[in-house]
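These protein sequence lines map, in sequence, to chains A and B. Anchor point for the first sequence: position 22 equals 22 in the working numbering, and the numbering is continuous, going up by one each time. Anchor point for the second sequence: position 434 equals 1434 in the working numbering, and the numbering is continuous, going up by one each time.
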Amino acid sequence: MAATSYNWNEIAQHPKYLQLKSKKRSFLFGWWIFASVYYFLLPILSGYVPDLFRIRIVGAINFGYLFILSQFVVAIFVAIYYTRVANNDFDRLTAELVREIQ
Amino acid sequence: MLKQALLAMTLTLLVTTAGFCAEPAKPAAPAPPAVAQGTQGTQGTQTTQTTQGTSAATAAKAAAPAAPAAPARVKPNRVITSTMFLAIIGITLCVVVWAAKRTTSAADFYAAGGGITGLQNGWAIAGDYMSAASFLGMSGLISLYGIDGFMYAVGPMFSFIAILLVVAEPCRNAGKYTLGDILSFRASPKPVRAVAALSTVTVSLFYLIAQMVGAGKLMQVLLDIPYRFSVIGVGVLMVGYVVFGGMKATTWVQIIKAGLLMSGTVLLAFLVMAKAGFNPFSFFESVVNSQFVQDHVRMNVLKDPLPKPGFDYGQRFMEPGLFLKNPLDQVSLGIAWALGAAGLPHILMRFFTVPNAQEARKSIVIALFINSTFFFLINLIGFGAALYLTPQLISSADKGGNMATLLLAQKLGGGAGSFGGDLFLAFICAVAFATILAVVSGLVLAASAAIAHDVYVNIIKDGKADQQTQVRVARLTSLFVGIAAIVMGLAAEKENVVALVALAFAVAASGNFPAVMLSLFWRRFNTAGVVSALVVGTVSALALVMISPVMTYPQKIADDAKKIIVTLEKRQAEGAVLADKDQKALDKARADFKKNDGGTSMVGLKAPIFPLKNPGIVSAPLGLLAAIVGTLMFRSRRSEEMFDEIEVRQITGLGIAKASDH
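Rendered as structure tokens:
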């Protein structure tokens, strides 16, 4: 197994690693919490403020329907944004870190 | 030797099943049952409150032996349908033969040798989410209850965010084949693997039994074959895929099915929109202006015998609250989705089939795209079914609305009896069949991986087993898990399986999810924490579901029957002569009352104690709390020292388990 050749504790103190870790952590948990809050607005608003969902926007289409659609938009936006950041920043930092320890 | 024996068995059963498909239709067809399954544990069975006498017979329990009236029925053309089913069986068996030749090591069997690309894995994961319940059940729910059905679609779609951000890549970087691999990384391997295996088998089997029962009932309706044969047929194919083809075959069957399902969905939604002139505004305008929709909402859903003046019953269809009545239950269900899906073992396993974290990321994003498209189209199909078929027709075919997609395909294909209608209906039936096969196979694989890899190889053999033994054990385990699933599926024919799905998700959200998250992100987390999270999460979810309204309460059935008896007897007393239908309803209600009066649920309750159908809102915090308390009570220096390793691994992917290394 190739895995044993790394000194994990040493890598864990590497400044580049610490930078990567804090960047990743704040980004991932931040967006996860944002997305979850947005998602839970759906059952909460539809259950406790149903009048809001009844407001008609275009013809028969009301706020509730558009809010459900917006859930799709938000999920796709978060996914695309994360992919961009991960592909550009996280993967690049990881590659630099791996180069430095090897 | 083993291989030949298995092959012979599979073939024999296959031929028997196929023979049954080709037989002419039997005259006495069973009443269309509810596809009482669903990834979110909702459908059908809860809408069985009987009301006015006239509708009592059809509104009675979905499990009624035979409906007296002749409601709309899905009647697929047997020749076309059988041909399509055989084509699907044929194609998937070719995949299995191809995959079997390439499955020689444990990594091949559990993780397809790490040789699945992000794109392929994305389709496979999307396929895991698109079960028959979402394909048939969700559109049916929309066609009967409007926007509430569409709200259900958001949960599965949104669950990808948690998976994408905090689960998929770390798990791919730190894990190997199973949940037990991640959890036992820095804890004492044996107890943790044992508990993780137990939890995986429980979750997968619950889910599996619900799917098997749903499959049996669906096939019964579509092909007129007896329940037993459909369960055995589905079971045998499923066992064949997994035993011979392992993860490679399971993944490809899932990809093929996802492709077929998406084509069917896109085509159907396209036809719906074409009929509406591609104008979504006038489409929804027509839905709310439909006299049938308005009558359905007024009489069947809101139960207003006379219209309330000035109330727009059509627009009410677009407003929440027709189906989902308890907001707290919705939040609880949301927790099950948001956290549970990320803890489901058969989903977790899919991250190990791709070579690295980048591909795992890509696969989740692709799965999210496919599924959000799918659920959006399902909403058009559901509203389209309400508009073009009418809710009355849909609920006469099946109380839970499960036949909506099928009837709509038949209608838009050219109508019943026309070649186009028959062809499209047969195609959609075959897609539903493929869907069931693909989903159950993934579940069998997850359960048997937990037994073979965690229990046999790592606990009994201390991780010392050569590749050949590992694969052989994995195959044997899959065979036994499959047989167990068939037997339980047969035994559960008359059981209420909706509870099982709610349970699978709740256990995953309350036990697996906190355990995985804390393993990856909390330095102090240790053996005691893993074990207490899994045990408390599982037990509390189980206990809460047992005392929740999703169980069957005979006393409630008896009370409902009593209401029908009172209504009808009152009418008799007034001198009216009951119609044939009503007389039958009265007889049935009397029988139901006699059978169920004074009865209690499985745990001896007359009425539910816990008010919610989904336990997540209580059991998930309990599981998390138990994990924290357990960890702090039994500190482990070793676990804390090893945290650096798992953290560096999960963040950077250094030392990643390559399937070819093992």
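Yeah, the Cβ is synthetic: ideal placement off N, Cα and C, and Gly gets one too. What you are looking at is a predicted structure, and each value in this text was computed from that prediction instead of being measured.
- For the C-beta of P1327(B), the chain A residues within less than 8 Å are, from N- to C-terminus, P43, I44, S46, G47, Y48.
- Contact of V78(A) with chain B by beta-carbon distance below 7 Å involves I1161.
- Against chain A, a Cβ distance below 7 Å from P1320(B) picks out S46, P50, F53, G64.
- The segment 1408-1418 of chain B makes no contact with the segment 1289-1303 of chain B, as fewer than three CB pairs between them are under 8 Å.
- If you draw a 10 Å sphere on the C-beta of I80(A), you find fewer than 16 other C-beta atoms in it, and that means exposed.
- Cβ proximity to chain A below 8 Å picks out nothing from the segment 1480-1496 of chain B.
- The straight-line gap separating the alpha-carbon atoms of Q1211(B) and I1436(B) is approximately 7 Å.
- Where V1243(B) is concerned, there is no enclosing beta strand (DSSP E), although the alpha helix (DSSP H) around it starts and stops at 1227-1275.
- Checking the DSSP bridge columns, you'll see R56(A) partnered with N62(A).
- Taken in chain order, the unbroken stretches of alpha helix (DSSP H) that lie wholly in the segment 1301-1363 of chain B and span 4 residues or more are 1313-1316, 1327-1335, 1345-1348.
- If you check the CB distance, V1439(B) and L42(A) do not come in under 9 Å.
- Contact note: Y6(A) reaches chain B through L1654, G1655, using a C-beta cutoff of 7 Å and chain order.
- With a cutoff of 9 Å on beta-carbon distance, A1360(B) and N1121(B) are scored as near each other.
- Against chain A, the CB of N1300(B) has no partner CB under 9 Å away; the residue lies outside that interface.
- Closest in C-alpha terms to F1634(B), from the list L1179(B), M1546(B), G1529(B), comes G1529(B).
- The segment 1114-1131 of chain B makes no contact with the segment 1457-1468 of chain B; the number of CB pairs closer than 8 Å stays below 3.
- The beta-carbon of Q19(A) is placed no less than 9 Å from the nearest beta-carbon of chain B.
- When C-alpha distances from A1504(B) are compared across A1474(B), K1584(B), F1351(B), L1344(B), the shortest belongs to L1344(B).
- Inclusion of G1127(B) and K1275(B) in the CB contact set at 9 Å is not warranted, their separation being larger than that value.
- Between A1452(B) and T1477(B), the C-beta gap is smaller than 9 Å, which places the two residues in contact.
- Interface criterion met: the Cβ of L1165(B) is under 9 Å from a Cβ in chain A.
- Around L1368(B), the beta-carbon contacts reaching into chain A at under 8 Å are A75, I76, A79.
- Between the C-alpha atoms of G1599(B) and I1609(B) there is a straight-line separation of about 16 Å.
- For the pair E1574(B) and K1556(B), the Cα-to-Cα distance works out to about 27 Å.
- For I1125(B), no chain A residue has a Cβ inside 9 Å of its Cβ, as the nearest lies near 13 Å away.
- In this structure, DSSP gives K1613(B) a state outside helix and strand, which the three-state scheme calls coil.
- Secondary structure of G1400(B) (DSSP, three-state): coil.
- Boundaries of the alpha helix (DSSP H) around S1282(B): 1280-1289.
- Taking I1378(B) as reference, the option from V1531(B), A1269(B), A1515(B) with the minimal CA-CA separation is A1269(B).
- The count of Cβ pairs closer than 8 Å, one atom from the segment 1133-1146 of chain B and one from the segment 9-19 of chain A, stays below three, leaving the stretches out of contact.
- Look at M1130(B): its C-beta is not under 9 Å from any C-beta on chain A.
- The beta carbon of S1548(B) lies closer than 7 Å to those of P1608, F1610, L1612, K1613, P1615 in the same chain, with the five residues before and after it left out.
- Unbroken alpha helix (DSSP H) stretches of 4 residues or longer found wholly inside the segment 1515-1602 of chain B: 1527-1546, 1554-1573, 1580-1596, given in chain order.
- In the three-state reduction of the DSSP assignment, N1512(B) falls in the helix class.
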